[in-house]
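Inspection log for the structure reproduced underneath, given as structure tokens.
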Amino acid sequence: MKYRVLKRCNGLKVSEIALGCEGFIGKTAEEFRAMLDRALELGINFIDMYTPNPEFRDHLGAAIAKRREEVVLQGHICAVWENGQYLRTRDLEKVKASFEDQMQRLGTDYLDVGMIHYVDSMSDFEEVFGGKVIEYCKELKAAGKILAVGLSSHNPEVARKAVETGLIDVLMFSVNAAYDMQPPSEDCNDLWEPEKYKDGLEGMNPERKALYELCERENVAIDVMKAFGGGDMLNAELSPFGVAFNEYQCMEYCLTRPGTVAVMAGCHSIDEMEKLVSYYEAAAEEKDYSTVLAGMEKFKFQGNCMYCGHCAPCSVGINVADVNKYLNLALAQGEVPETVADHYRLLEHHASECIACRKCESNCPFAVGIVEKMKKAAEVFGY
Numbered sequence: 085m086k087y088r089v090l091k092r093c094n095g096l097k098v099s100e101i102a103l104g105c106e107g108f109i110g111k112t113a114e115e116f117r118a119m120l121d122r123a124l125e126l127g128i129n130f131i132d133m134y135t136p137n138p139e140f141r142d143h144l145g146a147a148i149a150k151r152r153e154e155v156v157l158q159g160h161i162c163a164v165w166e167n168g169q170y171l172r173t174r175d176l177e178k179v180k181a182s183f184e185d186q187m188q189r190l191g192t193d194y195l196d197v198g199m200i201h202y203v204d205s206m207s208d209f210e211e212v213f214g215g216k217v218i219e220y221c222k223e224l225k226a227a228g229k230i231l232a233v234g235l236s237s238h239n240p241e242v243a244r245k246a247v248e249t250g251l252i253d254v255l256m257f258s259v260n261a262a263y264d265m266q267p268p269s270e271d272c273n274d275l276w277e278p279e280k281y282k283d284g285l286e287g288m289n290p291e292r293k294a295l296y297e298l299c300e301r302e303n304v305a306i307d308v309m310k311a312f313g314g315g316d317m318l319n320a321e322l323s324p325f326g327v328a329f330n331e332y333q334c335m336e337y338c339l340t341r342p343g344t345v346a347v348m349a350g351c352h353s354i355d356e357m358e359k360l361v362s363y364y365e366a367a368a369e370e371k372d373y374s375t376v377l378a379g380m381e382k383f384k385f386q387g388n389c390m391y392c393g394h395c396a397p398c399s400v401g402i403n404v405a406d407v408n409k410y411l412n413l414a415l416a417q418g419e420v421p422e423t424v425a426d427h428y429r430l431l432e433h434h435a436s437e438c439i440a441c442r443k444c445e446s447n448c449p450f451a452v453g454i455v456e457k458m459k460k461a462a463e464v465f466g467y
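Just so you know, we're using the numbering used here here: the sequence shown kicks off at 85 and counts up by one.
Okay, here's the thing in structure tokens:
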């Protein structure tokens, strides 16, 4: 295992391969501990805890008992558990209660990184940084309850503004070769126009490139989410490139971006963790992502949603591109992750509202069967 430094967090060293928490959700206490034991044996020491799920927190607390100093914990502020499910909120009383619950269940008196959860819109940025949430984070840091202030975002414009405040020490950001070619958006799953693919890495969105370079200059550590695009990048049928990357190519791409310190991987098993750690033993050819990008002009996009939005306007107001993206994320996972379910829930209109007028299909430049996609999404998400 190799380690990189959180330069604004007392020089804390974190493993380049780190753990997201979704793969731990639903595990028994024994299964959870076995996975964490193996992770530590492999040298993985960095764990993200976006979920406020109380069972997850209890299991993690039990698993790190008497070895708290062996792990670097990144806990999310503004993610709460309400009515048996995850909720993002800026209600300070709920935020405080969830933070204290997290500390109590984990059996610790501090978190290494206190991550302000999921800020993608400018209006939300203004609310967070112009109000009580950022002040609460400052108080936690001053009291030693968090060692660093973090922010998670998918929007390079919002992330840049946050970094420029000077208040953010760690940025959790969605990074992969596909997302890096899409324009900035307040919608975390908007993708790019297909012609941007054909220039390979030269087609990288300049705002994202500038963000990574800004973080490098300001010593703001980037830990990566969505390195595999929710699984899309690993599946030729779902990959926007029309060809699959392997895990090592995705990781190599992320770890070679300026400012990046770690890739948060959502491993569901010990086998998956061991496979990712074998990245260090893989041949250079296995890690070379340029082999995938080099021939992109040859790939066909017919029948595949490119999330370009040309299908709009929908007769009933459905954001077809969003629904398709969330559907693909769910299908790639083989289940509906909490984060994807939350993104879908927050849409103003849902797939079940589709009236099958097919106006969108006549607008689509890629001949996507949108009505069938809406039926599938309604089936997968339940509405």
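From the three backbone atoms N, C-alpha and C, an ideal C-beta is built for every residue, glycine too.
Cβ distance (whole Å) where residue i is taken to contact residue j below 8 Å
i, j, result
"Gly234", "Met256", "6 Å"
"Asp196", "Leu157", "5 Å"
"Met317", "Ala262", "6 Å"
"Asp204", "His160", "Going by Cβ atoms, the distance from Asp204 to His160 rounds to 14 Å, so no, they are not a contact pair."
"Val424", "Leu413", "5 Å"
"Tyr337", "Asn289", "The pair is not a contact, with the Cβ atoms about 14 Å apart (cut-off 8 Å)."
Spatial neighbours of residue i in its chain, beta-carbon cut-off 8 Å, leaving aside the 5 residues before and after
i, result
"Lys384", "With a pLDDT of 40 at Lys384, under the threshold of 50, the predicted position of this residue should be treated as unreliable, though the coordinate-derived value follows. Taken in chain order, the residues that qualify are Gly326."
"Leu176", "Lys216, Val217, Tyr220"
"Ala181", "Val164"
"Ala366", "Tyr332"
"Val179", "Ile161, Cys162, Val164, Thr173, Val217, Tyr220"
"Pro138", "Trp165, Asp185, Arg189"
"Val452", "Gly387, Asn388, Cys389, Cys395, Asn408, Glu445"
6 Å CB neighbourhood of residue i in its chain, flanking five on each side removed
i, result
"Tyr467", "His434, Ser436"
"Ala102", "Phe130, Ala346, Met348"
"Glu419", "none"
"Leu171", "Val164"
"Cys272", "Caution applies to Cys272, whose pLDDT of 48 falls short of 50 and renders its modelled position unreliable; the model cannot decide the point."
"Arg189", "Arg141, Asp142, Gly145"
"Ile230", "Leu195, Gly198, Leu224"
"Tyr363", "Tyr332, Met335"
"Leu295", "Pro240, Ala243, Arg244"
"Leu322", "Asp316, Asn412, Ala416"
Extent of the continuous alpha helix (DSSP H) run through residue i
i, result
"Gly145", "138-148"
"Glu241", "240-248"
"Val259", "It is not in any alpha helix (DSSP H) - Val259 carries neither H nor E in the DSSP assignment."
"Tyr332", "331-339"
"Tyr296", "290-302"
"Ile454", "454-465"
"Leu190", "176-190"
"Asn447", "443-447"
Residue i vs residue j beta-carbon contact at 8 Å
i, j, result
"Cys441", "Ser399", "yes"
"Ala163", "Tyr134", "yes"
"Met85", "Val361", "yes"
"Ala346", "Glu100", "yes"
"Cys93", "Asp208", "no"
"Ser236", "His201", "yes"
"Cys351", "Gly107", "yes"
"Gln417", "Gly314", "yes"
"Ala305", "Gly250", "no"
"Ala311", "Ala320", "no"
"Arg292", "Pro240", "yes"
"Tyr332", "Glu370", "yes"
"Glu422", "Gly401", "no"
"Leu471", "Glu358", "Since the displayed the chain opens at 85 and closes at 467, residue 471 lies outside it and no answer follows."
"Ala232", "Leu90", "yes"
"Met119", "Ile354", "yes"
"Gly468", "Asp132", "A question about residue 468 goes unanswered here, because the residues of the chain that appear run from 85 up to 467."
Beta carbon proximity, residue i to chain D, threshold 8 Å
i, result
"Met256", "The structure shown has no chain D; it contains just one protein chain."
Sequence-distant residues of the same chain with beta carbon closer than 7 Å to residue i, five excluded per side
i, result
"Leu298", "Arg244, Val247"
"Gly191", "Gly145, Ala149"
"Leu339", "Glu100, Val347"
"Leu411", "Lys457, Lys460, Ala461, Val464"
"Glu286", "Only weak support is given to the placement of Glu286: the predicted model assigns it a pLDDT of 41, under 50, and the question is left unresolved by the model."
"Arg174", "Cys162, Glu211, Val212, Val217"
"Ala113", "His143, Ala146"
First through last residue of the beta strand (DSSP E) which encompasses residue i
i, result
"Val233", "230-237"
"Ile161", "156-161"
"Met309", "305-309"
"Arg429", "Taken as a continuous stretch (DSSP letters only), Arg429 belongs to no beta strand (DSSP E), being part of the alpha helix (DSSP H) at 422-429."
"Leu251", "It is not in any beta strand (DSSP E) - Leu251 carries neither H nor E in the DSSP assignment."
"Leu171", "169-172"
For a minimum of 3 consecutive residues, which ranges assigned as the beta strand (DSSP E) are wholly contained in the region 341-420? 344-349
Ignoring anything shorter than 4 residues, give me the alpha helix (DSSP H) runs that lie fully in the region 90-135, in order along the chain. 113-125
Which ranges does the beta strand (DSSP E) cover as unbroken runs of at least 3 residues, wholly within the region 194-227, from first to last along the chain? 195-200
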